[in-house]
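Numbered according to my numbering, the sequence shown spans residues 28 to 777. What follows is a short report on a single structure.
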Amino acid sequence: MRTSYCLSFLIWTCMIHEVHTSPSPKRTNMYLQSERIMGLSKDHGKALHRTKRGWMWNQFFLLEEYTGPDTQYVGKLHTDQDRGDGSLKYILTGEGAGSLFVINEHTGDIHAAKKLDREEKSLYVLRAKAIDRKTGRQVEPESEFIIKIHDINDNEPKFTKEIYTASVPEKSSVGIIKTALPDMSRENREQYQVVIQAKDMGGQMGGLSGTTTVNITLTDVNDNPPRFPQSTYQFSSLESAPLGTSLGRIKANDPDVGENAEIEYSIAPGDGSDVFDIITDKDTQEGIITVKKQLDFEKKNLYALKVEATNVHPDPRFFYLGPFKDSALVKIYVEDIDEPPVFSIASNLLEVDEDAREGSIIGQVVAQDPDAARNIIKYTLDRHTDLDRIFNIHSGNGSIFVSKTLDREAAPWHNLTVIATEISNPKQSTQAPIFIRILDINDHAPEFAKYYETFVCENAKAGQLIQTISAVDKDEPPRGHKFFFELVPEYTVHPNFSIVDNKDNTAGVVTRRNGYSRNKMSTYVLPVVIFDNDYPIQSSTGTLTIRVCACDSRGNMQSCNAEALLLPAGLSTGALVAILLCIVILLVLVVLFAAMKRQRKKEPLIISKDDVRDNIVTYNDEGGGEEDTQAFDIGTLRNPEAREESKMRRDVMPETIFQIRRTVPLWENINVQDFIHRRLKENDLDPTAPPYDSLATYAYEGNDSIANSLSSLESLTTDGGNQDYDYLSDWGPRFKKLADMYGGDESDQD
């Protein structure tokens, strides 16, 4: 403590000595003496006087943080007019006057009343004046002076922050804060904490110091290549895996972070590069292996892929470390599945002549099981594509043969579907289309293209063309149709007409004489033979009916042979009218007779009380078989308990206002006629009956037939799924269709 006081005192003494001895532009020692200056004023010509005054003040210095027992002495204000008798009074004003700084009004000594801190305020501006106590007159004008606070080393260095955060790229060597080691790796250690100390006075003894903490983070650079954790991976896939199926994921590790750790995967050219693909998952940086081409276990069941992982953003500064990629071997095993048969058809088009005999083989289909088991294949036809059962197939070797007569003109093409099924696993089946073209055989003769209404004018001249004819043929020869026309041999030389072949599949009918008479011959018949040029040659005879008609000068028909037909019979027009009138009268009489007969009231069916039950047979209801021929059981009609209870009518809507009609009781001795009369009366008195007449039938269905039911609706409930229908062939020609449908072999079934 004493040492500090002594040190402060010595510093203060040196500063005071420096103040009074060293000249300074900011400090002034002035002793003013009164002198009289005489002068004349330009305006008034009066004498001017200036009195020399003595006012002493200094620029004072004061030590901060003074800790002595007494107040610190700052300095002294003094004027040369002060004679020391206490007649003058010193007054101090300005910053800190009276609080920080006090002045002795008698002596002018200034002291610091408190400890000052230069860091808070480094200088104070004060004003001082001296006045006469008695008169209050200022002996010196007010003057301003400065008190500066002299700094001492009382504050240690302080950092602006308690903790600093900084980042330095790894492998760095230059910077304000630089690494102490040349190859600091972020992957080994990322965070560091450094304490920094700052000292003042250049680090000399007696100086103060301050500390702070700096958290340093090493940022990442791409100085690490990706590396697979293992050299070999194994995956498996079914051979039926769809394209794009994910088989598995692999990942190469990269110690870097961010974009420096981004990896791109690829499959090197070689085994499986065209069958599989690999894509990169951007979120997990994994490689996803997918199927790019359909797999086939029978062709290849193992693939060995070379997969490479490469950095997306390599840093050229670290290429010297080696290639920034890595590779691994990926084995993919293909698993076998039970596949359906595969057809090996060179061509699915078959051709057959339409005259092929039944049972003729027209082609063969072959299918194999692609699996290693090589299961046996069974062949069938889809009967929905061959409803007429024209073709059949051998279930063992796939031979397709004709089972019915072919007709190209009815169906030139047949589109069949062949089904190949594994016998050991019927669920595995494959379908293949077969197109059968029926080749044409010249089995149809040509015929007239249409019906020709030919006429010849009575005034026709010889050599006149009266009709052009053409032909058609249902066959289609490969070289096209070629028809020839001529008269039948019996009419080779016809006296009236001739046929001229135009060599273009048409022919002309030409007259051979002048003039024709309707009265002599109204109609001529001309048979024409038409040949084709295919093998075997087919021909037909068509007949032209040529009528003789009256024509005008231009050859237009006016009337034909109606009069010629009537006149030779000797019937006049009046006779024809009379015949027609008789016919009409007969028709009217027939109609009237039928109407009158319909209006007659029919006689009741039962007009006597005799028992006519054996004479009544009902055919409008479905019977039960042979028992319909038996007579009615009168006991059933007479027994009231045997019939059904009364039911509501279906042809009217029941009304709630009517009460339910009760059945009239029946007696044991009631006969059929009374029974029917009672039922008629009940229906007539029924208030719920419609306003029109309705038919009430009182009949009883017979018992079941001994033949039972022939319906197939209940066939599913019978025991045994397979039934033998061979007995249908013994029932005769009427059941031949059923015998063909249910008695065929397995390939004929739908």
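Every residue gets a Cβ at the ideal spot worked out from N, C-alpha and C, and that includes glycine. This one's a predicted model, so the numbers in the text were calculated from it and none came from an experiment.
Query: Per-residue burial, proline 714 [other beta carbons within 10 Å of its own, 16 or more giving buried]; Result: exposed
Query: Glycine 582, DSSP secondary structure in three states; Result: coil
Query: Proximity of isoleucine 465 and glutamate 381 at Cβ, strictly below 7 Å; Result: yes
Query: Check whether leucine 143 and glutamate 91 have beta carbons under 7 Å apart; Result: yes
Query: Contact under 7 Å by Cβ, proline 439 with asparagine 375; Result: no
Query: Between the CA atoms of valine 445 and isoleucine 277 - distance to the nearest angstrom; Result: 46 Å
Query: For phenylalanine 524 and valine 552, the rounded distance between their alpha carbons; Result: 10 Å
Query: Meets three-Cβ-pair contact criterion under 8 Å: the region 550–564 and the region 512–520; Result: yes
Query: Option nearest valine 248 by Cα separation, candidates Glu286, Lys352, Ala268, Pro269; Result: Glu286
Query: Threonine 106 burial status per 10 Å Cβ neighbour count (16 or more: buried); Result: buried
Query: Short Cβ contact (7 Å threshold) for phenylalanine 482 with arginine 574; Result: yes
Query: Length of the line joining the Cα atoms of proline 343 and leucine 322; Result: 42 Å
Query: Cβ-based burial, isoleucine 404 [other Cβ within 10 Å; buried from 16]; Result: buried
Query: Beta bridge counterpart(s) of glutamate 362 as assigned by DSSP; Result: Leu265
Query: Cα-Cα separation between glutamate 474 and threonine 448, rounded to whole angstroms; Result: 49 Å
Query: C-beta atoms of isoleucine 450 and isoleucine 389 nearer than 7 Å; Result: no
Query: Lysine 530 at chain C interface by Cβ criterion, 7 Å; Result: The structure shown contains no chain C; it holds only a single protein chain.
Query: Span separating the alpha-carbon of lysine 501 from that of serine 586; Result: 37 Å
Query: Whole-angstrom distance between threonine 568 and alanine 596, CA atom to CA atom; Result: At alanine 596 the pLDDT is 44, less than 50, meaning the model places this residue with poor confidence; the figure from the coordinates comes in the next sentence. So the alpha carbons of these two residues sit roughly 33 Å apart.
Query: CA nearest to the CA of glycine 275, picked from Phe303, Pro168, Gly111, Gly163; Result: Phe303
Query: Extent of the continuous alpha helix (DSSP H) run through aspartate 767; Result: 763–769
Query: C-alpha gap between serine 756 and alanine 766, whole angstroms; Result: 5 Å
Query: Three-state class that DSSP yields for cysteine 576 in the structure shown; Result: strand
Query: Other residues of its chain near lysine 786: CB distance less than 6 Å, five sequence neighbours each side excluded; Result: Any question about residue 786 goes unanswered here, given that the chain covers just 28 to 777.
Query: Those residues which DSSP pairs with histidine 411 across a bridge; Result: Answer by DSSP bridge pairing: none, since histidine 411 is not bridged.
Query: Beta-carbon contacts of alanine 394 that lie in its chain and below 6 Å, excluding the five residues immediately before and after; Result: Pro368, Phe370, Ile404, Ala447
Query: Segment contact flag, the region 330–340 with the region 398–412, C-beta cutoff 8 Å, min 3 pairs; Result: no
Query: Where the beta strand (DSSP E) through glutamate 91 begins and ends; Result: First-last for glutamate 91: undefined, no H or E at that position.
Query: Residue span of the beta strand (DSSP E) that contains alanine 331, given as start and end; Result: 329–338
Query: Segment limits, beta strand (DSSP E) that includes isoleucine 243; Result: 236–246
Query: Closest by C-alpha distance to leucine 350, when choosing among Val357, Leu356, Pro341, Lys358; Result: Contrary to the premise, residue 350 reads as proline rather than leucine in this sequence. Closest option to proline 350, Cα to Cα, is Pro341.
Query: Best match in Arg539, Tyr478, Glu291 for proximity to threonine 14 [C-alpha to C-alpha]; Result: Because the chain is modelled from 28 through 777, residue 14 falls outside the range shown and cannot be assessed.
Query: Three-state secondary structure assigned by DSSP to proline 516; Result: helix
Query: Range of the contiguous beta strand (DSSP E) that encloses alanine 124; Result: It is not in any beta strand (DSSP E) - alanine 124 carries neither H nor E in the DSSP assignment.
Query: Rounded straight-line distance, which links the Cα of serine 580 to that of methionine 548; Result: 21 Å
Query: Sequence-distant residues of its chain with Cβ nearer than 6 Å to lysine 116 (five each side left out); Result: Glu132, Ile158, Arg160
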